[in-house]
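Mapping of the sequence shown onto the working numbering: residues 2 to 499, in sequence order. Built from N, CA and C at the ideal position, the CB exists for glycine as well. Worksheet for the structure shown next.
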Amino acid sequence: MSSQHSRPPKTPFADTLERELIALLGRDSVLTSEADLRAYDCDAYAPEKRFPDAVVLPTTTGQVAQIVRLCNKLNVPFTPRGAGTGLSGGATAIEGGVILSLIRMNQILEADIPNRRMVAQAGCVNVYLTKAVKNDKLHYAPDPSSQGACTVGGNVAENSGGPHTLKYGVTTNHVTGVTMVLPDGEIMKLGGKVEDVCGYDLVGIIVGSEGTMGIVTEVTIRLTPLPQSVRTLLAVFETVDQATQTVSDIIASGAVPAALELIDTFIIKACEDAFHLGFPMDAEAVLIIEVDGLEVGLEEEAETVRAIAEKNGAREVRQAATELERALLWKARKQAFGALGRLGKSMVTHDGVIPRTRLPEVLREVRAIAQRHGLDVGNVFHAGDGNLHPNLMFDERDAEQIKNVLHAGEEILKLCVDVGGSVTGEHGIGIEKLEALTWQFSPEDLELMQKLKSVFNTSQLCNPGKVLPSAKRCWETEHGPKMVAAAGRGVAGRGAAV
Ligand SMILES: Cc1cc2nc3c(=O)[nH]c(=O)nc-3n(C[C@H](O)[C@H](O)[C@H](O)COP(=O)(O)OP(=O)(O)OC[C@H]3O[C@@H](n4cnc5c(N)ncnc54)[C@H](O)[C@@H]3O)c2cc1C
């Protein structure tokens, strides 16, 4: 579906829905005009779009519960949404209905410094969690590259990672409690501030459930001490193989860098054009390597990784001498997607995971796949985790290119599974990888997951058509890409054409 798609005809419930939502929240918190809804027709996964019938902007958990009860009464699907930076279509209302945007629920409710805990509303932007406690020498460790925009609720739903989760762990390791609205409108508190809660780990189930088990409204997070010292290095390579071999060797050496990120030549050039950071334009790949911890012994650790990079043919290894130099190195990594945005195309960012030892051959094959489909590809990824992010560039106004980008993505993900990896590391299944899940799990596994989801999501109205392959992708129609609902799993009847 191209970006030129228009709003589908109004559904029979649309007028009642709008009237009742306004009665609950007021006109300012309910968006229904075509222009407003267009901003919510997809998240950062662009190939598949769908207008919601309404977007609501609640400010309290009570309001979220009221909206959910109304949707149940009218049998209308609802989809939670944070900042919409998700890369697998999770926040796209693929069956229409209501998008519940948490973006106005952005307050930090409590910073409990002695207990190293913070309670924040789900719409709080990730980077503000750390900013709020920086003076106390604490931080919130999971740092997705989108941290300047994405919300902690979205992070919980996706179990997000980031450059520093190689050493510090992903979101699930840092969330100890949530308040949420269940899909029937009941308000539930799970976990809390304490370290271990007995009974089943329900917080662990909610983290990573991609908004299909309810709407998280408040999150209790762990605060982590800032490291005493940091060394940040940039290793420059003539070939991608040298860089990937370095990653493999660093991990094999037993060193645990805080971050180990690879940027390839396509991205280096885009970043240089955008930011003029002084990265070598003729390099095929660079690694950003960060080690942190106690000052004692840190220089030796930095020397160890430097030596490994040089042994693998690094032509230069720079070390940031000041906080400003460090910030500039990270700018290339964290703003890489912005730099790609300047190229004027759409992109699909893939998210496979592979054993780190297979990085050289898999990256070679990723490039070959993109070439076969006539697409440009740039790679920037958490190499230390074996977490690939090939960015496939395409023109979303061209149906042929959409088809190519989807097919190339499928080949890349199949490759990840074939080498013993996974179809997602941190961006989730969403709508993008519904079928890919069947390459990794047996029908029995998927049935068990469906049963678990149904315990929470009894009516299947909460974020339908996501995560489990109960909705089937069907691109090859005469009208171009399209999503159709598969019958028999509770989503049939509402339709799901994009
Ligand atoms: C430039 C860029 C860089 C990125 N870098 C990283 C990275 O380094 N690591 C990484 O892991 N991801 C990364 N991402 C992906 C994305 O930012 C994360 O998945 C992020 O957690 C999404 O947060 P969000 O607030 O934008 O959520 P949205 O995109 O709005 O929603 C994502 C999913 O969460 C659900 N959801 C949102 N809020 C709630 C809630 N309150 N309760 C229940 N469900 C909810 C939605 O229904 C949807 O399924 C990147 C994305 C971009 C665009």
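Paired residues, beta bridge with residue i - DSSP
| i | result |
| --- | --- |
| Ala-423 | Here residue 423 turns out to be Ser, not Ala, going by the sequence shown. In DSSP, Ser-423 forms a bridge with Val-354. |
| Gln-320 | Leu-234 |
| Asp-265 | Ala-286 |
| Ser-1 | This structure cannot settle anything about residue 1, because the visible part of the chain is limited to 2 through 499. |
| Ala-409 | DSSP output for Ala-409 lists no bridge partner at all. |
| Leu-167 | DSSP lists no partner for Leu-167. |
| Phe-383 | It should be noted that the sequence gives His, not Phe, for residue 383. His-383 is bridged to Asn-388. |
| Glu-219 | Gln-122 and Thr-180 |
| Val-349 | Leu-393 |
| Val-378 | Leu-393 |
| Pro-361 | Partner(s): none; Pro-361 has no beta bridge. |
| Ala-260 | Glu-291 |
| Pro-226 | Leu-139 |
CB contact flag (residue i, residue j, <8 angstroms)
| i | j | result |
| --- | --- | --- |
| Pro-209 | Asn-160 | Strictly speaking, residue 209 in this sequence is Gly, with Pro absent from that position. Contact: yes. |
| Ile-216 | Leu-101 | yes |
| Ala-260 | Gly-385 | yes |
| Thr-62 | Thr-218 | yes |
| Gln-67 | Leu-25 | yes |
| Ala-303 | Arg-232 | yes |
| Ala-133 | Ala-112 | yes |
| Thr-350 | Leu-88 | yes |
| Thr-33 | His-140 | no |
| Ala-55 | Leu-18 | yes |
| Glu-397 | Ala-36 | no |
| Pro-228 | Val-306 | no |
| Val-153 | Ile-222 | yes |
| Pro-53 | Gly-98 | yes |
| Ala-271 | Gly-379 | yes |
| Ala-123 | Leu-110 | no |
| Ala-150 | Thr-86 | yes |
| Thr-245 | Leu-330 | no |
| Pro-164 | His-428 | no |
| Gly-466 | Glu-96 | yes |
| Gly-178 | Gly-193 | yes |
| Ser-230 | Leu-130 | no |
| Gly-422 | Gly-90 | no |
| Gly-170 | Pro-145 | no |
| Leu-234 | Val-248 | no |
| Val-128 | Gln-108 | no |
| Val-77 | Phe-14 | yes |
| Leu-438 | Val-363 | no |
| Asp-377 | Phe-267 | yes |
| Gln-441 | Val-468 | no |
| Ser-30 | Val-69 | no |
| Lys-544 | Val-424 | This structure cannot settle anything about residue 544, because the visible part of the chain is limited to 2 through 499. |
| Val-176 | Val-126 | no |
| Asp-265 | Val-241 | yes |
| Lys-454 | Met-189 | no |
| Ala-321 | Phe-280 | no |
| Pro-143 | Thr-172 | yes |
Practice prompt. Count the CB pairs spanning the segment 284-300 and the segment 346-358 that are closer than 8 angstroms, and state whether there are at least three.
Written response: no
Worksheet item: Does the pairing of the segment 396-415 with the segment 443-450 give three or more beta-carbon distances under 8 angstroms?
Response: no
Worksheet item: Curious, which full-length beta strand (DSSP E) runs of at least 3 residues does the segment 108-154 contain?
Response: 109-113 and 118-122
Discussion item. At 3 residues or longer, what runs of the beta strand (DSSP E) sit wholly inside the segment 274-346?
Written reply: Under the rule that a run must span 3 or more residues, the beta strand (DSSP E) segments found entirely inside the segment 274-346 read 286-294 and 317-320.
Worksheet item: Touching or not, the segment 238-254 and the segment 328-338, by the rule of three or more beta carbon pairs under 8 angstroms?
Response: no
Item to complete: Could you say if the segment 183-200 and the segment 306-313 meet the contact criterion of at least three C-beta pairs nearer than 8 angstroms?
Response: no
Worksheet item: Can at least three beta-carbon pairs, one atom from the segment 387-405 and one from the segment 461-471, be found at a separation below 8 angstroms?
Response: no
Worksheet item: Counting only runs that start and end within the segment 424-476, where is the beta strand (DSSP E) found for 3 or more residues in a row?
Response: List check, beta strand (DSSP E) in window: 472-474.
Practice prompt. Could you tell me which uninterrupted beta strand (DSSP E) segments, each at least 3 residues in length, are contained entirely in the segment 178-208, listed from first to last along the chain?
Written response: Within the segment 178-208, the complete beta strand (DSSP E) runs of at least 3 residues are 188-192.
Discussion item. For the segment 412-420 against the segment 367-374, do three or more pairs of beta-carbon atoms, one drawn from each stretch, fall closer than 8 angstroms, so that the two count as touching?
Written reply: yes
Worksheet item: Could you give the uninterrupted runs of the alpha helix (DSSP H) lying entirely in the segment 32-76, keeping only those of 4 residues or more?
Response: 35-39 and 62-75
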